Amino acid sequence: MKRFFQQFTQPWFLSLLGVLLLCLIIWYIGPLIAIAEYKPLSAEWVRLSMVFVALILWGLNNLRKRTRTNQATDKLANAIAEDAKPAASKTKKVPSADEQILESNLQKSLGLLQGSGFGKDNKLYKLPWYMVIGAPGSGKTTALKNSGLNFPLQNKLGDAPIQGEGGTRYCDWWFTEEAILIDTAGRYTTQDNPQTKDSEAWLGFLARLKKARPKQPLNGIIVTVSIQDILQKTPTQKALQATAIKQRVQELNNHLNMKIPVYLVLSKLDMVAGFNSFFSDLEAQDREQAWGFTYSQFKAGDISATEEVFNNEFDLLLQRLEDRVLSRLNNEHSPQKRALIYEFPRQMRALKTEILKFVAPIFTPNQFETPIMWRGLYLLSSTQSNMASRWVTGILPPEQCAPPIDIIGIQPKTYFVNNLLKKVIFAEANLATLNDKMRARYRWIYTGLTGCAIAAFSCLAIAWSHSKTLNKDYIHEIEDQLEKYSKIDKKQNTAVRDWHNLALKLNLLRDLPTGYMLKDSQYTFKQGFGLYQGNKLGEQAETTYKKALESFFMQHLEEMLGEQLELAKNDDERLYEALKFYLMPYHSSKMDTDSFTLWVNILWERQLPNQNKQVLLSELNSHLKTALSEKVSPFPIDDTKVEMARNILIKTPLDLRVYRRLKNDYMDLHPEEFSIKSVLGKKADAMFYRKSGKALENGIPELFTYSGFHRGFNLENIKLSQRLADEQWIYGDKQEEALTEERIKEISSRVNQYYFNEYIARWDEYLNDVAIQSFGTVNRGQSVVQMLASSDQPLVKLLVQIRKHTALSEAPVISDNMKDSANQLAEEFSSSQKGRLERLVPKSAGLSNIKLPGFDVTEHFEDLNSYINTEEGLPLLQLQQALINLDDYFQNLAYSENTKQAAFDASKEWKGGSSPVVFVQRAISDAPPQIETWFSSIARDTAQVTAAATQSHMNNIWQTEVVSFYNRAIKDKYPLNPKSKRDVKLADFTKFFGPAGILDSYFVEYIEPFVDTSKHPWRWKKNIGLSTNSLELFYQAQNIKNAYFSDKSGEPEVAFSMKPHTLDHIASGFLLETAGTTIAYNHGPVRNVNVLWPGAKTDLSKIVFSLSSKGTPISARTEGEWSWFRLLDEHSKIERKKESDGLLVTFELDGIASAYIIQPASTDNPYHNKDVQKFSLPTQL
1 MKRFFQQFTQ PWFLSLLGVL LLCLIIWYIG PLIAIAEYKP LSAEWVRLSM VFVALILWGL
61 NNLRKRTRTN QATDKLANAI AEDAKPAASK TKKVPSADEQ ILESNLQKSL GLLQGSGFGK
121 DNKLYKLPWY MVIGAPGSGK TTALKNSGLN FPLQNKLGDA PIQGEGGTRY CDWWFTEEAI
181 LIDTAGRYTT QDNPQTKDSE AWLGFLARLK KARPKQPLNG IIVTVSIQDI LQKTPTQKAL
241 QATAIKQRVQ ELNNHLNMKI PVYLVLSKLD MVAGFNSFFS DLEAQDREQA WGFTYSQFKA
301 GDISATEEVF NNEFDLLLQR LEDRVLSRLN NEHSPQKRAL IYEFPRQMRA LKTEILKFVA
361 PIFTPNQFET PIMWRGLYLL SSTQSNMASR WVTGILPPEQ CAPPIDIIGI QPKTYFVNNL
421 LKKVIFAEAN LATLNDKMRA RYRWIYTGLT GCAIAAFSCL AIAWSHSKTL NKDYIHEIED
481 QLEKYSKIDK KQNTAVRDWH NLALKLNLLR DLPTGYMLKD SQYTFKQGFG LYQGNKLGEQ
541 AETTYKKALE SFFMQHLEEM LGEQLELAKN DDERLYEALK FYLMPYHSSK MDTDSFTLWV
601 NILWERQLPN QNKQVLLSEL NSHLKTALSE KVSPFPIDDT KVEMARNILI KTPLDLRVYR
661 RLKNDYMDLH PEEFSIKSVL GKKADAMFYR KSGKALENGI PELFTYSGFH RGFNLENIKL
721 SQRLADEQWI YGDKQEEALT EERIKEISSR VNQYYFNEYI ARWDEYLNDV AIQSFGTVNR
781 GQSVVQMLAS SDQPLVKLLV QIRKHTALSE APVISDNMKD SANQLAEEFS SSQKGRLERL
841 VPKSAGLSNI KLPGFDVTEH FEDLNSYINT EEGLPLLQLQ QALINLDDYF QNLAYSENTK
901 QAAFDASKEW KGGSSPVVFV QRAISDAPPQ IETWFSSIAR DTAQVTAAAT QSHMNNIWQT
961 EVVSFYNRAI KDKYPLNPKS KRDVKLADFT KFFGPAGILD SYFVEYIEPF VDTSKHPWRW
1021 KKNIGLSTNS LELFYQAQNI KNAYFSDKSG EPEVAFSMKP HTLDHIASGF LLETAGTTIA
1081 YNHGPVRNVN VLWPGAKTDL SKIVFSLSSK GTPISARTEG EWSWFRLLDE HSKIERKKES
1141 DGLLVTFELD GIASAYIIQP ASTDNPYHNK DVQKFSLPTQ L
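Counting from 1, one number per residue, gives the positions in the sequence shown under the UniProt record's numbering.
This is the structure in structure tokens:
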């Protein structure tokens, strides 16, 4: 499956998508491409030919690429199989035996490749190539064999040609799915004697390689160095080996003329003591990881930089080892292995210096050498040897470095090889540069192509300049016109439909030289060389004008007509007309030029500005006439709008469409309406209004009146049904067959029902929307009621007219002459399209009495019509009389000296059903809902006006007689305010709260007539505009009067008795003086003492405690007429006794207390009633 999806990323597939896209552009966009009005790709056979050519060219190009790749692959295979002629031919020597052996091995391998899938996919050329070099026995071949790479030819070639562990004798080729690796013989790397045959074989090999892959012979160099060589060889031997490696790399870079990345691989890491034990816990997946480091970037050739980066990266590897030591020691039980594990990081740290000494000379060039692209260093172990490990630091005894017995005979493992090749080295295949000659060749090709392009463009520029010069004079003749057109075009806002600018633009195009208006004029042929031809300019100008009509004028026209579909989607009749005229340009057989022009002009009349409207209309009509006469293609139809309109229309049954068409046609011809204002004239505004906010001039259309029903409705609906059936083309494929006479009668019956339903709904809505003017003042109420009750009886007049239009069963007698006139009138408004479209208004006809259809309407309004009857004594006249009585009431109020007092007096005098308001309510009690709603508002407003006037009068008296005295003598004084130092004078208290006092007198005079005081809480008998809180105020005042005043004398009087209860032992006696009475108690017999407040002496109250210690008595006193109550508030605590109405009063001074029982003479007393402290007088009731 993965291989299947990989096909979609192949170059051939991506190029095929591009060609297919080009073919689509040719087929669909090609016809839109025009050169001087010539469309070379308009014909289908031309586009098919171009598509066929494009596909053929794509196939030939892919065949060319395939052939070229095959040739390159064959060339590569042949070049590899050649003998080492490039090196031997220069000296005219016979190829060496080594080169002949190399050739023999290559021919064997290539022969197998040619017949395999590997060769068929040209992977020999496409895959990256890597050179593997290293000294003999450095582990190159062993590492490749154990790399885990996929060798597709392994079944035919067998295992890699490894001759034991002694190393590779000749050059081996490793063909894998990921890359091709060239495993060179170790002696090619060392070449102990460069002048011998090893050097010649090496150079011959490089020559063949360069010839085989000229662009990029190699993608990388893998240098293998054995850890054993670094540990065992002498410094001189290591220096020679490093120099040989450096020379081989330099030879590769120089002979191949490119920079090749170098990957240094240190093999046989298992020779370091402790390696096997340290990494023995790794799983297969962990052993596949690469262990080493890849340089990001540093300055090649700088030895200090090389050493610094190497040390940093190698220290990171060592740190990783140190991090694993503890866990490995914890998991290992063998003492010998634990010692090796512990010592392995130290062995590696000691090895770092040796490795740096070895690699530094290789990658540090002198001034005559090209810096080597060193990519990184990697450590691995391809297989484990039974040889003894090397002791790097010299700390461990030799027996510790011997191979453990348990690994002998066990399958060796590969460490850190697999991902090194697959995910590190092969992933950077494109890092190598191109061959220097190929890069130079590409630069020359690019320079040449650029020069040719510049030269070609220069020639074209000269030709265009010459052509422009030849045609300059002729172009100037129309330059002014085009400049004007350009200015208008720039000013025009494309988002707004601007008919004025469009007309100017079209005028300029129409009037161009040799254009539509001047197409007979000719220009000389001498002006036609190059870019412009005079004999074609006129045709082009004419075509441009027509194209402008098609692209701009017809587009604006389509948008304007299409807007009507959107605007009319909620109005089926309007939508029908809009759709018909929208479709006319697309149905030439249905085009009615006159009506279409009329419709468009009506739309223009509504949309064009008033300034110069007639001139602009004339110009637009000229262009419209040209477009229609020249049969200019309309702007592409908006199928969505048409389908939307048709779907809306088709949802409406034919009978409903007939009804709506008839209704709209009639209403267009007869815009007059029945309204209250048409009956009552200017006085209507003073008496009535509409709840919806509509003007009184707006009412019921004439179609839904008595005359509209009897004059033309029944005569027209059948004719209109047939005519609509003939216009079914507007509905597209939803046509109906011609309607039969029976079907037309059925439609007529349903149209009548639609009409009666709407008739009833419109009158219901209208009557419910009309209301009598509300009023909030006496003068306004007097004005409204006076008009309603006037002698010309406007109410009766209005209701009689309403009855006339809601009783359709009564109709006029129609003579034969009047019948003919009615038929003629119906025929005229049906056939006159201009009248229907421009909404002309015809005259109306007279009526008389006769019974005709319309019973449904009459039956619906039967209650209303029964109520509206002018016979004496019936409800309508009773209502008129009630309005007359109400008018008398308002006259009395309006012309009295004090309107507010008159309203108050009237409210007091009205008893039972004597109120004018009650008369009105009684007159409308049996009225239909419409009438009841109208006149209930009059009753409500009258009651509210009366209540407001009454309340205002009562508040005036309240503020004058009550509030003024309260603020002066009572407010914020004791006892109303217990904290106040000022006392209410007892005389003022009596005058305000006492019987027949200010507050009591006001209550009796103004409040009591309207209040039910039979039970608590008090309630209003009649609404006079006062709140319940105001009533609660007078209830509190009543309680205060009962608590402080005598019913007989009307003077302040509070009677009570006092009896000693307790006295502290620390006191020998207690004395109380108040209201002229002295009460003493000395721990003796208990007796009752009667007290009457205020008493003979009211200005002083005191208490005295005599002490048993014969010390100075303790006393307290209060002064003033309210001294007794102040003494209780300041020096006592009062508790109510549960078993009686008495109170336990405890007097206390300096911690000494004496308690008395107070027994009030009445349940209404100041001790139980605290209303006086809660009392607050509002400024208004």
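Virtual Cβ for every residue (Gly too), placed ideally from N, Cα, C.
Remember, predicted model here, so these are calculated numbers, not experimental data.
Rounded straight-line distance, which links the Cα of residue j to that of residue i
| i | j | result |
| --- | --- | --- |
| Gly1142 | Asn1165 | 11 Å |
| Glu165 | Ser138 | Unreliable placement is indicated for Glu165, whose pLDDT of 35 sits below 50; the coordinate value is still reported in the next sentence. Their Cα atoms are separated by approximately 10 Å. |
| Ala360 | Gly451 | 48 Å |
| Ser15 | Glu428 | 26 Å |
| Asn366 | Tyr263 | 20 Å |
| Pro214 | Ile341 | 50 Å |
| Gln564 | Met687 | 41 Å |
| Val19 | Ile25 | 10 Å |
| Ser172 | Ala185 | In the sequence as presented, Ser is not what sits at residue 172; that position holds Asp. Rounded to whole angstroms, Asp172 to Ala185 spans 8 Å at the Cα level. |
| Gln891 | Leu795 | 19 Å |
| Gln285 | Val51 | 54 Å |
| Trp12 | Arg66 | 10 Å |
| Gly274 | Asn257 | 44 Å |
| Thr224 | Leu431 | 20 Å |
Element boundaries [beta strand (DSSP E), containing residue i]
| i | result |
| --- | --- |
| Thr1077 | 1077–1081 |
| Thr1146 | 1143–1149 |
| Asn1090 | 1089–1093 |
CB of residue i within 8 Å of CB of residue j, strictly
| i | j | result |
| --- | --- | --- |
| Phe278 | Arg338 | no |
| Ser1057 | Val1091 | yes |
| Phe713 | Asp856 | no |
| Ile884 | Ala947 | no |
| Thr414 | Arg287 | yes |
| Leu864 | Thr950 | no |
| Leu703 | Lys677 | no |
| Leu379 | Gly292 | yes |
| Lys569 | Leu575 | yes |
| Asp183 | Leu231 | no |
| Leu1119 | Leu1100 | Correcting the residue type first, residue 1119 is Glu in the shown sequence and not Leu. Taking 8 Å as the Cβ cut-off, Glu1119 and Leu1100 qualify as a contacting pair. |
| Ile760 | His860 | yes |
| Ile868 | Tyr766 | no |
| Ala1080 | Gly1095 | no |
Cβ separation of residue i and residue j, assumed to be a contact under 8 Å, to the nearest whole Å
| i | j | result |
| --- | --- | --- |
| Leu876 | Leu799 | 6 Å |
| Ile221 | Val249 | 6 Å |
| Val1172 | Ile1040 | 5 Å |
| Leu206 | Trp129 | Between Trp129 and Leu206 the Cβ distance is about 13 Å, and since that is not below 8 Å, they are no contact. |
| Met348 | Val272 | 7 Å |
Span of the alpha helix (DSSP H), counted from its first residue to its last, around residue i
| i | result |
| --- | --- |
| His1131 | 1123–1131 |
| Asn898 | That residue, Asn898, is in no alpha helix (DSSP H); it is neither H nor E in DSSP. |
| Lys259 | Premise fails: Lys259 is in no alpha helix (DSSP H) and is neither H nor E. |
| Val945 | 929–957 |
| Met787 | 778–788 |
| Arg1117 | Not the alpha helix (DSSP H): Arg1117 falls in the beta strand (DSSP E), residues 1114–1119. |
Near the ligand GDP: residue i beta-carbon under 7 Å from a heavy atom
| i | result |
| --- | --- |
| Pro335 | No copy of the ligand GDP appears in this structure; indeed no ligand is present at all. |
- prompt: Given 8 Å as the limit, is there contact between the segment 546–565 and the segment 626–636, that is, 3 or more CB pairs closer than that?
  reply: yes
- request: Could you tell me whether the segment 584–603 touches the segment 660–670, using the rule of 3 or more Cβ pairs below 8 Å?
  value: no
Touching by the beta-carbon criterion (3+ pairs, under 8 Å), the segment 936–947 and the segment 914–922: yes
message: I want to know whether the segment 1119–1127 touches the segment 972–987 - three or more CB-CB distances under 8 Å.
response: yes
- request: Evaluate contact between the segment 643–661 and the segment 745–752, counting only Cβ atoms and requiring at least three cross-stretch pairs below 8 Å.
  value: yes
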